[in-house]
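Heads up: the sequence shown begins at 1 in this note's numbering, then just goes up one per residue. Read through the structure below, which is laid out as structure tokens, and then see the notes.
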Amino acid sequence: MPGIRQQLEHSQQSATPDAVSSAAVQSVHSSDEEPEFDGSSRFDALESVPTMEVKNTNAMNGSLMRLWGTKAADTALATATATDKRSAAEVPEQASGDSKREKDQRKKKRTRGTDRATHEAPTTRLSDLGGVDACIEEIQELIVMPLTHPEIYTHMGVVPPRGVLLHGPPGCGKTLLANAIAGEVGVPFLQISAPSVVSGMSGESEKKLREVFEEARELAPCIIFIDEIDAITPKRENAQREMERRIVAQMLTCIDDLSWEKTGYKPVMLIGATNRPDSLDPALRRAGRFDREIAMAVPDQPAREQILKVLCQRMMLSGDFDIKELAKRTPGYVGADLTALTTAAGMIAVKRIFHALQNLPAGDGTQSENQTAGNGTLSESLADKLAQTTVEGDSDGHDGMMSIDSDSVPASTPARWDAEPAAVKLRTIAEFLKSHPHPLTPEELSTLAISNADFIHALAKVQPSAKREGFATVPGVTWDDIGALSKVRDELRMAIVEPIRNPEIFARVGITAPAGVLLWGPPGNGKTLLAKAIANESHTNFISVKGGELMSKYVGDSERAVRQVFTRARASSPCVVFFDELDALCSRRGGEQSEASARVVNTLLTEIDGMEARKKVYVIAATNRPDIIDPAMLRPGRLDKLLYVELPTPGERADILRTLAKNTPLSSDVSMDDIAHDERCTGFSGADLVGLLRQAAEEALRSALSGTASDVPGPSQQTIFVTRANFDTALQRTAPSVSATDMKRYESLRKLYGN
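As structure tokens, then:
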């Protein structure tokens, strides 16, 4: 800038339009130390010299010239003022820079002081939980004791555990248990939602983790709860982005900083919750980080009973409510499902009340002598009706009250209310609201209660989450749905049912239950139904696996699918795993078999061998070709009990037909014994008999439809009976599915494998 100014000054001196501009330029470039001089002599000399007029063709030069065209005193004053302003501005800026860190610290402290109020201990207590006694016992040892009495560990020189990992299916109570722990101990509770930690900006996710753990060290003793921890700590070798690896590394570093010495001997306990423990990074599950892992499985019957007691302790229940029977009928339900069940039962009870209002005579539910202008009381007929509908849930007097079929629901339950038109429902509710504008009195509410039938009706509306997530549920097939096969029933009862019901009896004689049972024989003889009926009788969960559905074209996926089946079974124990068409999954190794199939067989053998880790997991397999199954699968200790399911005898065929025809109206001339002993039924399997009965029913239906008058709208209301003639026609059109050649082959295999 000094060089430019000198050049411009020289230009002004040689060709300045007026003398004032030249004097201004010289005044600007004069030093503050230089004394003032009189330039009048120079200006007088310039007046006599003709000057050259320079056109203003440069906008920048013209702008500079206009700026210079000011008085010297004003320019100096402006310069001094600007300098003073800059100096004055630099002083606060420097002071602000010096105190920036202090301001950030004060801001962080204010923020933490605000957040500290949000980290108060929850109000939930361990007494509010049910069915998790084993988990609570471990929690008392691992978390409650170090938080309440850290001085004991300091005195003994023992380092308490640092973290606990809770894993199990969704809805089993992992988050509720963590809140109950903090509420029981009364320490600050820092809850982290794993997805909220992930940020789009680089470094923000790691910063959030550091801030949370730093705050935890200041609040110690406290609890850090990370929900859905698998979302931010996946296996690093499978991470798709570098950010995921950095988050895992930062998490590991933060956990290591919670050591006993770095927290001032004040414990900071870490609790993680996940549905997929196998997806976590292995470094997170080692000792010193998550020291212990607590598996919260699907609750069994006693656990469900305890959960229902906790959920129903504040509900108004009728006298016929049977909590043990309800726990027996809800296998596969987790705590969240049971909560939804109680809510659904309450809503059904409300519908039942409106249904009772609908059945009242005109005027009974709307106006009564006992009703006042303010809070009126329910009429006696309404109260009687409500009491009647409350106790009519089990009026049928048979054990089918746990059935959820609509036919078994009494007429006064919401089944008929649901079938009513919407206009009728709306009118009934509107009349009730109009006649009772004020809250009901305690006397009016005393007649209202949730009955056992309401809970049974709610079972059809609440699907267990274990079933939605791929876990197991108890099938609905019972022994009443299966005819004959008495010998196979007894063998299965001794192999599966009795070890589950009476394990102490087997322990007395020093034997364990068979690891697995293989049902083999001709197709269509009820092998799958037998497995389902066994699971239903023993009230165990049931997982059905088709042999081919576990196979995948991707390397490692088939083995992973096999391991996942047994992982789910262990989480749902006691559980029966049924492998249908086992020969497709576990064929002989070697020969033309691929390497991938051999790996699947090896994985299956390893899982079945894990007796100590199976935790009441029983394997039942079915096949039509036992000769192509790998021999290692059939040795003792695996599928050591082979049961041959043969074709039914004539007497067993009659039993099967009677079982199948329970809901079919038969003519008086139909004798199941005669049909079963008919020569045309020889070689019929159970599936063939099902087809025979269906064919006969279709013949009866065809005859009834052809005889119906064309002028009668809709089908006839008279009962359609299946006659012996219909069965004769069906026998002519139905052939056995098992040929004589196949029977010879099965007889030879029976000699080889025995029964």
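Every residue, glycine too, gets a C-beta built ideally from N, C-alpha and C.
Cut-off 8 Å between Cβ atoms - residues of its own chain near Ala571, not counting five sequence neighbours on either side = Around Ala571: Gly168, Pro169, Ala295, Ala297, Val298, Phe471.
ask   = Are Val757 and Thr540 touching if we call contact CB-CB under 8 Å?
value = Given a span of 1 to 755 for the chain in the structure shown, any question on residue 757 remains unanswerable.
task = Leaving aside the five residues before and after Thr390 along the sequence, list all residues of the same chain whose C-beta is less than 6 Å from its C-beta, in chain order.
result = Because the pLDDT at Thr390 is just 45, under 50, the model does not fix this residue reliably, and the value given afterwards should be weighed accordingly. Beyond the five residues adjoining it in sequence on each side, Thr390 comes within less than 6 Å, by CB distance, of Ser318, Ala449, Ser451 in the same chain, given in chain order.
message = Taking CB distances under 8 Å as the criterion, tell me whether Ala515 reaches chain B.
response = No chain B is present in this structure, which holds just one protein chain.
inquiry  = Looking at the strands, I want to know which residues DSSP matches up with Ala725.
reply    = Paired residues: none, contrary to the question.
inquiry  = Quick test of the definition: if touching needs 3 or more C-beta pairs under 8 Å, does the segment 496-516 touch the segment 541-560?
reply    = No contact exists between the segment 496-516 and the segment 541-560.
query = Where does the unbroken beta strand (DSSP E) through Gln240 begin, and where does it stop?
reply = First-last for Gln240: undefined, no H or E at that position.
ask   = According to DSSP, which residues form a beta bridge with Arg625?
value = Paired residue(s): none; Arg625 is not in a bridge.
CB-CB length for Ile720 against Leu701, believed under 8 Å = Right, their Cβ atoms sit about 6 Å apart.
task = Give the single residue among Ser446, Thr512, Gly346 whose Cα lies nearest to the Cα of Ala453.
result = Checked all of Ser446, Thr512, Gly346; the closest Cα to Ala453 is Gly346.
message = As an exercise, report each continuous alpha helix (DSSP H) stretch of at least 4 residues that is fully enclosed by the segment 123-156, in chain order.
response = You should have 133-139, 145-148, 150-156.
Same chain, Cβ closer than 8 Å to Arg245, neighbours up to 5 away in sequence not counted = So the qualifying residues of the chain are Arg236, Ala239.
ask   = Of the residues Val132, Asp742, Thr606, which one's Cα is nearest the Cα of Ile181?
value = Nearest of Val132, Asp742, Thr606 to Ile181, Cα basis: Val132.
query = Of the choices Ile247, Arg217, Val617, whose alpha-carbon is the least far from that of Glu202?
reply = The identity of residue 202 in the sequence shown is Ser, whereas the question assumes Glu. Across the set Ile247, Arg217, Val617, the C-alpha of Ile247 shows the shortest separation from the C-alpha of Ser202.
Supposed contact pair Val670 and Ala816 - C-beta distance, whole angstroms, cut 8 Å = This structure leaves residue 816 out entirely; the chain is present only between 1 and 755.
ask   = Alpha carbon to alpha carbon, what distance is there between Leu605 and Glu559?
value = Cα-Cα distance, rounded: 11 Å.
query = Can you round the beta-carbon distance between Leu190 and Ile229 to whole angstroms, since I take them to be within the 8 Å contact cut?
reply = Taking the Cβ atoms as the reference, Leu190 lies roughly 14 Å from Ile229, outside the contact range of under 8 Å.
query = Can you tell me the Cα-Cα spacing of Leu766 and Gly691, whole angstroms?
reply = The structure shown does not extend to residue 766, since the chain is modelled only from 1 to 755, so the question has no answer here.
task = Following the continuous beta strand (DSSP E) through Phe542, name the residue where it begins and the one where it ends.
result = According to the DSSP assignment, Phe542 belongs to the beta strand (DSSP E) that extends over 541-546.
query = When you compare only the Cα positions, how much space is there between Thr741 and Leu647?
reply = About 14 Å.
ask   = DSSP state of Ser587, grouped into three classes?
value = DSSP places Ser587 in strand when its eight states are reduced to three.
Where the alpha helix (DSSP H) through Glu595 begins and ends = Per DSSP, the unbroken alpha helix (DSSP H) holding Glu595 starts and ends at 595-609.
task = Indicate the three-state DSSP secondary structure (helix, strand or coil) for Trp260 in the structure shown.
result = Correct three-state label for Trp260: coil.
query = Do you know offhand how far Leu308's Cα is from Leu326's?
reply = Straight-line Cα distance between these residues: approximately 9 Å.
query = Roughly how many angstroms separate the alpha carbons of Asp711 and Gln732, rounded to a whole number?
reply = Any reading at Asp711 is ruled out, since the residue's pLDDT is 44, under 50, leaving its predicted position unreliable.
query = Would Cys222 pass as a contact of Val187 if the rule is Cβ separation under 8 Å?
reply = Here Cys222 is near Val187, since their CB atoms are less than 8 Å apart.
task = Starting from Tyr746, follow its DSSP beta bridges and name the residues at the other end.
result = Tyr746 pairs with nothing; no bridge assigned.
request  = Decide if the segment 118-131 is in contact with the segment 149-156; the criterion is three or more beta carbon pairs, one per stretch, under 8 Å apart.
outcome  = Pairwise C-beta distances place the segment 118-131 out of contact with the segment 149-156, as fewer than three of them are shorter than 8 Å.
task = Indicate whether Ala273 and Lys174 have their beta-carbon atoms separated by less than 8 Å.
result = With respect to the 8 Å criterion, Ala273 and Lys174 are classified as neighbours on the basis of their beta carbons.
task = Check the C-beta distance from Leu643 over to Leu519 and give it rounded, since I have them as a contact under 8 Å.
result = With 8 Å as the limit, Leu643 and Leu519 qualify as a contact, their Cβ atoms being about 5 Å apart.
task = Please go through the same chain and pick out, in chain order, the residues whose beta-carbon is closer than 6 Å to the beta-carbon of Pro574, but skip the five residues on each side of it.
result = Cβ neighbours of Pro574 beyond the five flanking positions: Ile500, Thr540, Lys616.
Host beta strand (DSSP E) of Arg286 (start-end) = First-last for Arg286: undefined, no H or E at that position.
inquiry  = Output needed for Ala584: all residues of its chain with C-beta closer than 7 Å, excluding positions within five of it in sequence on either side, in chain order.
reply    = Hits under 7 Å: Gly547, Gly548.
ask   = Under 8 Å, do Ala194 and Ile232 count as touching if we go by C-beta distance?
value = Yes.
message = Please return the same chain residues whose Cβ sits closer than 7 Å to the Cβ of Leu689, not counting the five positions on each side in sequence.
response = Once the five neighbours on either side are set aside, the close Cβ partners of Leu689 are Arg653, Ile656, Leu657, Leu660.
inquiry  = I'd like the list of long-range same chain contacts for Met315, defined as Cβ closer than 8 Å, with 5 residues on each side in sequence excluded.
reply    = For Met315, where only same-chain residues beyond five positions count, the Cβ hits under 8 Å are Thr342, Gly346, Ile450.
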